[in-house]
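Worksheet: one structure, shown below.
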Amino acid sequence: PASQLKAKMTIIRGGTLGKEFPLQEGNNLIGRWDPDSGAFPEVDLEMDDPEARISRKHALIRVGDQTTIEDIGSLNGTFVNRGHRLEPGAPVELHDGDEVIIGKTFLRFSLS
Numbered sequence: 002p003a004s005q006l007k008a009k010m011t012i013i014r015g016g017t018l019g020k021e022f023p024l025q026e027g028n029n030l031i032g033r034w035d036p037d038s039g040a041f042p043e044v045d046l047e048m049d050d051p052e053a054r055i056s057r058k059h060a061l062i063r064v065g066d067q068t069t070i071e072d073i074g075s076l077n078g079t080f081v082n083r084g085h086r087l088e089p090g091a092p093v094e095l096h097d098g099d100e101v102i103i104g105k106t107f108l109r110f111s112l113s
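Encoded structure:
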């Protein structure tokens with residue numbers, strides 16, 4: 002079953018190249034660590050986003066039978082495979098090898 006696969010995001014451009022973020026079952030927040038606003042993202046891009054293009058709570062990846070990503074009202078948007086900007090609150094399914102752009106940081110979603 003898909004849930005046995007290990008999901009991860011890997012930075013491929015615009016940050017620490019090759020840096021990996023394992024994704025856990027359930028909700029994974031993408032953003033920047035900020036204790037003041039209660040943002041403790043599983044995919045913490047604080048160190049990879051010098052221009053602060055990434056919102057503290059930018060996007061949400063849900064890992065389950067399928068994996069989805071949804072923009073949660075970010076300032077600069079979330080893009081999958083260089084397509085249209087995701088509508089906030091409208092999850093899009095992710096597939097192995099998909100490219101996700103958050104701010105100026107490019108990540109690859111993979112299942113292994």
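Heads up, the sequence shown is in this note's numbering, so the first residue is 2 and it goes up one at a time. Even for Gly, the Cβ is constructed at its ideal location relative to N, Cα and C.
(message) Could you give the first and the last residue of the continuous beta strand (DSSP E) run that contains PHE1?
(response) Outside the displayed span of the chain (2 to 113) sits residue 1, for which this structure offers no information.
(message) Under DSSP, the beta strand (DSSP E) around LEU61 begins and ends at which residues?
(response) As a working mapping, residue 61 is identified with position 60 in the sequence shown. LEU61 -> beta strand (DSSP E) spans 58-64.
(request) State the DSSP-derived secondary structure class of PRO92, mapped to helix, strand or coil. (result) Here the question's residue 92 lines up with position 91 in the sequence shown. It is coil, neither helix nor strand.
(request) Could you name the residues that DSSP lists as bridge partners for ALA29? (result) Position 28 of the sequence shown, counted from the start, is the residue given in the question as residue 29. With the sequence shown as reference, residue 29 is identified as Asn, and Ala is not the correct amino acid for it. In the DSSP assignment, ASN29 forms a beta bridge with ILE62.
(message) Quick check on GLY16: buried or exposed, where buried means 16 or more other Cβ atoms within 10 Å of its Cβ?
(response) By one-based count along the sequence shown, residue 16 stands at place 15. By the beta-carbon neighbour count (other beta carbons within 10 angstroms, threshold 16), GLY16 is buried.
(message) Using CA atoms only, rank isn't needed, just tell me which of LEU61, ARG83, ASN77 and GLY104 is closest to ALA91.
(response) Residue mapping note: residue 91 aligns to position 90 of the sequence shown, counting from 1. It is LEU61 whose Cα lies nearest to the Cα of ALA91.
(message) At the level of alpha carbons, what is the spacing between GLU100 and LEU108?
(response) As a first step, residue 100 is located in the sequence shown; it is residue number 99 there, counting from the start. As a first step, residue 108 is located in the sequence shown; it is residue number 107 there, counting from the start. Rounded to whole angstroms, GLU100 to LEU108 spans 6 Å at the Cα level.
(message) DSSP three-state label for ASP35, please.
(response) As a position in the sequence shown, residue 35 is number 34, starting the count at 1. In the three-state reduction of the DSSP assignment, ASP35 falls in the strand class.
(message) Please state whether the Cβ-Cβ distance between ILE55 and ASN77 is less than 9 Å.
(response) Your numbering for residue 55 matches position 54 in the sequence shown. Your numbering for residue 77 matches position 76 in the sequence shown. Judged by beta-carbon spacing, ASN77 lies within the 9 Å limit of ILE55, meaning their Cβ atoms are closer than that value.
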